[in-house]
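Written out below as structure tokens is the structure these notes cover.
Protein chains in written order, with the numbering used here: chain A, 2 to 264; chain B, 0 to 384.
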């Protein structure tokens, strides 16, 4: 069996652990559906004016929720790696005939797949109310969402690097998720954010991969690019930078595991 | 099979030499140049050699390094330190191909560290080791293709089921389709996990989890299998099952290294026992030699009639192999001797001339507990308790 196929086996097992954790999937879907249907629809009623371009608030918000779902799903790899480290599964992986790099890639690949699959499910659900999402452009966006998902896992990898205890990991993960969703265009258009927050924060919001992902989806809903700042190249660059950070972090985590036997 | 000539580098003479070889059953060639006995050799890729049990074959060479004939694992000043504390201290140990070597030692003696190092879970601080000729630092991937480890604590994601855990392990080692299913099913049955195959890992009992951990190695049957306390947390029936399986694995050609602090386990399994203490190897021998190595380890209780005379007592003390003699009553004595089987005939011959009749003899040889205690000192008491 080739090393690549062995790596795919680890990816498959890691991914299956995500989808096997039913309470997690249930909670995620519950949160995202609540966000999309309750918040989106209520705010649409509260804000009859068009928020940006030709979109009503629900059309604006649904892509944001899809990207939030993608973020949470890809970020879950950090929890799985943390469990792997504490339950000894990562040490077990290190005894298998795969290289350390392949273990790293397997985790990031499963994060990418997890995020993309989960976001795909949300997209199908959202498409019932936002028919513009049923298009070839959405399909064409899938590979980019996959790369974005792997990139976002890089942030989880950094957390794994610095969080030894479970308490610390989950506290930091919640904090990062809240900050990243808040400082993005998931819920508010950049023009509104620019009115109330300083330019430096606006720049951070623009650089936020969640904003870039949401805007890429909105561009499809809107029928074209909604803002020149949020293009596929910038999404790719941000994702790839984060992916490299993820590779380096997980390499460090597993190298350290091999040096000291525990994290 | 045709012989062939292989150019090798002899590290002892520090020059290139030519050796005659013939293909072995494993791969490569058998070497027949006695001047290389015990030396390290470096061979240019792609030559790949392997030794056999043939007496004339003295080197087993794979890749770029060579180790002695029939050596499955060899360590070279293998050291693992955590800060200033040395978990393993310049260990030099050989495991012969096809044997069961039991590492016996108190907690903290370095057994688990050694197993983790040779299975590449850990990297050594200094020194190195070879597993079937592959260097654990430079050729770790090759080592991992050769070795399998059963950890002290069962390893598995809580939500995965035994069937999935073994299936994953089988798939990693290239089994697929019907063959994989058959091997996994059979392994689950062999380890009495069949009825628990669909339980989640977190729902397994301690013993079931341990059996599952051990069972992994029976899916791929590695050339070198290492077991870290394979029967900890397992009931007596489970222990018997695991011990029998481990011996079966050896009979099928694997080399086994078993770490334990349970003396009975060591006694049951071991071809050779390596006693470790403080990160170092204290002694490595087969059980018989270890028992014989204790001076005065055999205790012979001798009953005589009518009474022990001073002459007879002196004669017994002078029998070769006697360490000390204690008179327990006027017609009983205890002799602490080396190798009672050699000592007894000589003792009987020497007391005859004093008109003393021997009425009873009871011999008790040292147990492995005694050996363990002898070599490890105070710690042994804790470990064997």
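All residues carry an ideal CB built from backbone N, CA and C; glycine is no exception.
query                                                                                                                                                                              : result
For residue 227 (chain B), write down the residues that DSSP places opposite it in a beta bridge.                                                                                  : B:258
Check the DSSP bridge columns for residue 335 (chain B) and list the partner residues they point to.                                                                               : B:298 and B:323
Please indicate yes or no: does the CB of residue 116 (chain A) lie closer than 7 Å to some heavy atom of the ligand GDP?                                                          : Annotation note on the ligand GDP: not contained in the displayed structure, which lists no ligands.
Mapping the DSSP letters down to three states, classify residue 34 (chain B) as helix, strand or coil.                                                                             : Annotation note: pLDDT 40 at residue 34 (chain B) (below 50); position unreliable, no value reported.
Residues of chain B with CB under 8 Å from residue 96 (chain A), in chain order?                                                                                                   : 118, 119, 120, 143, 146, 147 and 148
Under a CB-based cut-off of 8 Å, is residue 181 (chain B) close to chain A?                                                                                                        : no
Cβ of residue 10 (chain A) less than 8 Å from any chain B Cβ?                                                                                                                      : yes
Could you pull out every residue in the same chain whose Cβ sits closer than 6 Å to the Cβ of residue 40 (chain A), ignoring the five residues on either side in sequence?         : none
Quick check on this structure: which residue in B:368, B:301 and B:328 has the alpha carbon closest to the alpha carbon of residue 343 (chain B)?                                  : B:301
What do you get for residue 239 (chain B), buried or exposed, if any count of 16 or more other CB atoms within 10 angstroms of its CB means buried?                                : exposed
Of all the residues that make up the segment 75-102 of chain B, which are near chain A by a beta-carbon distance shorter than 7 Å?                                                 : 81
Find the nearest neighbour of residue 129 (chain A) within the set A:19, A:34 and A:80, judged by alpha-carbon distance.                                                           : A:34
Look at the Cβ atom of residue 177 (chain B), then the Cβ atom of residue 166 (chain B), and state whether they are nearer than 8 Å.                                               : no
Near residue 189 (chain B), what residues of its chain come up, given a Cβ to Cβ distance below 8 Å and the 5 sequence neighbours on each side ignored?                            : 214, 217 and 244
Just the Cα atoms here: how many angstroms apart are residue 332 (chain B) and residue 104 (chain B)?                                                                              : 34 Å
Using a Cβ cut-off of 8 Å (strictly closer), state whether residue 155 (chain B) contacts chain A.                                                                                 : yes
Can you pull the DSSP bridge partners for residue 272 (chain B)?                                                                                                                   : B:101 and B:284
Interface residues of chain A around residue 260 (chain B) at Cβ under 7 Å?                                                                                                        : Neighbours of residue 260 (chain B) on chain A: none; closest Cβ ~19 Å, over 7 Å.
Quick one: grab the DSSP three-state call for residue 304 (chain B).                                                                                                               : strand
Could you tell me which of B:254, B:273, B:191 and B:354 sits nearest to residue 374 (chain B), measuring between CA atoms?                                                        : B:273
So, for residue 37 (chain A): in the same chain, excluding its five sequence neighbours on each side, which residues have a beta-carbon less than 6 Å away from its beta-carbon?   : 63 and 66
Could you tell me which residues DSSP puts in a beta bridge with residue 18 (chain A)?                                                                                             : Note: residue 18 (chain A) sits in no beta bridge, so no partner.
Taking residue 158 (chain B) as the query, report the chain A residues whose CB atoms sit under 8 Å from its CB, ordered along the chain.                                          : 18, 21 and 22
In its own chain, which residues sit with a C-beta less than 7 Å from the C-beta of residue 110 (chain B), not counting the 5 before and 5 after it?                               : 102, 104, 258 and 275
On a CA-only basis, which of A:194, A:30, A:14 and A:32 is nearest residue 107 (chain A)? Give me that one, please.                                                                : A:14
Which residues in chain A have a C-beta closer than 7 Å to the C-beta of residue 397 (chain B)? List them in chain order.                                                          : Since the first and last residues shown for chain B are 0 and 384, residue 397 (chain B) lies out of range.
Below 6 Å CB to CB, which residues in the same chain sit around residue 249 (chain B) once its five sequence neighbours on both sides are set aside?                               : 99 and 255
Could you tell me whether the Cβ of residue 92 (chain A) comes closer than 8 Å to any Cβ of chain B?                                                                               : yes
Starting from the beta carbon of residue 152 (chain B), find every residue of chain A whose beta carbon is closer than 8 Å, and list them in chain order.                          : 89
What does the alpha-carbon distance come out to for the pair residue 88 (chain A) and residue 153 (chain A)?                                                                       : 24 Å
Is there at least one Cβ from chain A nearer than 8 Å to residue 226 (chain B)'s Cβ?                                                                                               : no
Kindly indicate which residue of A:144, A:206, A:96 and A:175 has the alpha-carbon position closest to the one of residue 185 (chain A).                                           : A:206
Please list, in chain order, all residues of the same chain as residue 201 (chain B) whose beta carbon is under 8 Å from its beta carbon, the five residues on each side excluded. : 157 and 158
Select from A:137, A:117 and A:133 the residue whose C-alpha is nearest the C-alpha of residue 151 (chain A).                                                                      : A:117
Is it the case that the Cβ atoms of residue 337 (chain B) and residue 322 (chain B) are separated by a distance below 8 Å?                                                         : yes
Determine the chain B residues that contact residue 116 (chain A) at a beta-carbon separation under 7 Å, and present them in chain order.                                          : Near residue 116 (chain A) there are no residues of chain B at all, since even the closest Cβ is about 20 Å away, more than 7 Å.
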